[in-house]
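Peer 1: Sharing a structure here in structure tokens format.
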Amino acid sequence: MSDKIILKGITWGHSRGITPLLAFSQRYNELHKNVEIQWHKRSLQEFADFPIEKLTETYDLLIVDHPWVGCAAATKCVLPLEQYLSKEYLQNQEENSVGYSHLSYNYEGSQWALAIDAATPVASYRKDLFEQNKRTLPQTWEDVVALAAEGKVAVPAIPIDLLMNFYTFCVANGNAPFAGKDEVVDKETGLKALESMKALWSKIPKWMFEYNPIAVAELLSTSDEFWYCPLAYGYSNYSRIGYAKHLLSYTNVVSLNGSPLKTTLGGTGISVSAGSSYKKEAVAFAEAVVSENVQTYFYTDNGGQPGHRKAWTNEHANAITGNFFQNTLLTLDNAYIRPRYNGYLHFQDHAGDPIRQYLRDGSNPEEVLTAINTIYKDSFKHP
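Going by my numbering, the sequence shown wraps up at 366, each residue one higher than the last.
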């Protein structure tokens, strides 16, 4: 057909990231025969390394991370969706947000993306191994450290994940980070956070410092060496029958200093390029794919981890994922929100390196704080 509209989309290359989009795009084309959506994928590292604002020159639809919206607001390279969607629709999205997911894409008064996927670090474990060994799940950070001393704990340890967990342990040890522009966190809190992390990460194999959350989930689900992961962005795929060799079960995180850990919100949103030749059609697809019915059934059934709360509380969605959603929702609702100023991503790209060096090689913790404070100050010069 000569009037066929082709929308190009870019997402990340995991079953959770691309499979539900491909599936719903096929169905969307069946319902809107003149609209075809072609999805391209890139690795998690490419997702972090290549500027999204450059991708808007090529793609109509973009799957983005919420700390990027400061750049979106500054460059106006994606559409402010409140100008294209009804107040009622956006209000419904906000009321059905998983934690702060929806508003995490709202910056300087505009909605730069819609929450299509929700995630935060949660705990995962091999239920069969705990039962076989007549052991109970850790309830406190001290329990986790003790289990790690037995060699049964796997945990992501690449720089980005360590940085996200550093925020968590700052909150747990007294103060949230980024209260001012001179330092990431006060020295006392920062040193306590690093000490809390060192207690665990000093007990994992050195090779695990190359592992991201997906690699840890694959490790837990394919061998019996490790039983438990205390902190990794959740992937409901591994709690679905048939996805991996062994099922993973998911649960909320443990407590430290008397309170549940407040992990760092992740997930993704869907944005529409301001340079798209088919803005109306692209917005219509975005509106459809994050709608309650699609998110709860079609999106979740095809391996997605929805951003709509009704999906997280839905009986069917939980039945096919071993109750992944209901068993971790408390941690999602309690999650810490990262900064979103234009330039923050420079900090995020670099500040995990000195933390990893400290945890892996034993560098000076005060020098770690000095290094990340320097990177923080530099980030305001890197919009």
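No residue lacks a Cβ here, since even glycine has one placed at the ideal position from N, Cα and C.
Just so we're clear, the structure is a prediction, and the values are computed from it rather than from any experiment.
#1: Do G258 and T39 have their CB atoms nearer than 8 Å?
#2: I need the DSSP call for E350, collapsed to helix, strand or coil.
#3: Helix, strand or coil, according to DSSP, for D165 in the structure here?
#4: Can you tell me whether E264 is buried or exposed, with buried defined as 16 or more other CB within 10 angstroms of its CB?
#5: Contact defined as beta carbons within less than 8 Å: I believe V237 pairs with V127. What is the distance between those atoms, to the nearest angstrom?
#6: Got a sec, what are the start and stop residues for the alpha helix (DSSP H) D344 sits in?
#7: By DSSP, does W210 sit in helix, in strand, or in coil?
#8: Please confirm if the region 199 to 214 is in contact with the region 284 to 301, defined as three or more CB-CB distances below 8 Å between the two stretches.
#9: Over the uninterrupted alpha helix (DSSP H) stretch that includes G92, give me the two end residues.
#10: Near F363, which residues of its chain fall below 6 Å by C-beta distance, leaving aside the five closest residues on each side in sequence?
#11: Between which two residues does the beta strand (DSSP E) harbouring T234 extend?
#12: Buried or exposed for N17, going by 16 or more other Cβ atoms inside 10 Å?
#13: Have a look at D100 and G134 and give me their C-alpha separation to the nearest angstrom.
#14: In terms of residue numbering, what span does the beta strand (DSSP E) encompassing Q21 cover?
#15: Are the beta-carbon atoms of Y11 and R323 separated by less than 8 Å?
#16: In its own chain, which residues sit with a C-beta less than 7 Å from the C-beta of M(-16), not counting the 5 before and 5 after it?
#17: Evaluate P213 with the Cβ neighbour count: other Cβ atoms within 10 Å of its Cβ, from every protein chain shown; 16 or more gives buried, anything less gives exposed.
#18: Would you check if there are 3 or more beta carbon pairs closer than 8 Å linking the region 314 to 322 to the region 297 to 306?
#19: Since W(-5) is in the beta strand (DSSP E), which residue starts that stretch and which ends it?
#20: Using 8 Å for Cβ pairs, my map puts S219 next to L230. What's the rounded Cβ distance?
Peer 2: Per the coordinate set shown:
#1: The residue labelled residue 258 in the question sits at position 275 within the sequence shown. The residue labelled residue 39 in the question sits at position 56 within the sequence shown. In this structure, T39 lies closer than 8 Å to G258 by Cβ.
#2: Here residue 350 refers to the residue found at position 367 of the sequence shown. DSSP places E350 in helix when its eight states are reduced to three.
#3: Position 182 of the sequence shown, counted from the start, is the residue given in the question as residue 165. Of the three classes helix, strand and coil, the one that applies to D165 here is coil, per DSSP.
#4: Here the question's residue 264 lines up with position 281 in the sequence shown. So E264 ends up on the buried side.
#5: On the sequence shown, residue 237 is found 254 positions in, with the first residue counted as 1. On the sequence shown, residue 127 is found 144 positions in, with the first residue counted as 1. With 8 Å as the limit, V237 and V127 qualify as a contact, their Cβ atoms being about 6 Å apart.
#6: Reading the sequence shown from its first residue, position 361 is the one you call residue 344. For D344, the enclosing alpha helix (DSSP H) has its first and last residue at G335 to D344.
#7: Taking the first residue of the sequence shown as 1, we reach residue 210 at position 227. In this structure, W210 counts as coil in the three-state DSSP scheme.
#8: no
#9: Looking up residue 92 in the sequence shown gives position 109. That residue, G92, is in no alpha helix (DSSP H); it is neither H nor E in DSSP.
#10: Looking up residue 363 in the sequence shown gives position 380. Closer than 6 Å at Cβ, skipping near neighbours: G326.
#11: Position 251 of the sequence shown, counted from the first residue, corresponds to residue 234. Counting along the chain, the beta strand (DSSP E) containing T234 begins and ends at S232 to T234.
#12: Within the sequence shown, numbered from 1, the residue matching residue 17 stands at position 34. With fewer than 16 Cβ atoms within 10 Å of its Cβ, N17 is classed as exposed.
#13: Locating residue 100 in the sequence shown gives position 117, where the first residue counts as 1. Locating residue 134 in the sequence shown gives position 151, where the first residue counts as 1. Whole-angstrom Cα-Cα distance: 33 Å.
#14: Taking the first residue of the sequence shown as position 1, residue 21 is located at position 38. First-last of the beta strand (DSSP E) with Q21: V18 to R25.
#15: Reading the sequence shown from its first residue, position 28 is the one you call residue 11. Reading the sequence shown from its first residue, position 340 is the one you call residue 323. No, the pair does not count as a contact, with Cβ atoms beyond the cut-off.
#16: Position 1 of the sequence shown, counting from 1, holds the residue named residue -16. In this predicted model, M(-16) has a pLDDT of only 45, less than 50, meaning its place in the structure is not dependable enough to derive any value.
#17: On the sequence shown, position 230 is the one that residue 213 refers to. Around the beta-carbon of P213, 16 or more other beta-carbon atoms lie within 10 Å, marking it buried.
#18: no
#19: Within the sequence shown, numbered from 1, the residue matching residue -5 stands at position 12. From DSSP, the beta strand (DSSP E) with W(-5) extends over I(-12) to W(-5).
#20: To locate residue 219, count along the sequence shown from 1; it is residue 236. To locate residue 230, count along the sequence shown from 1; it is residue 247. Actually they do not touch by this definition, with Cβ atoms about 11 Å apart.
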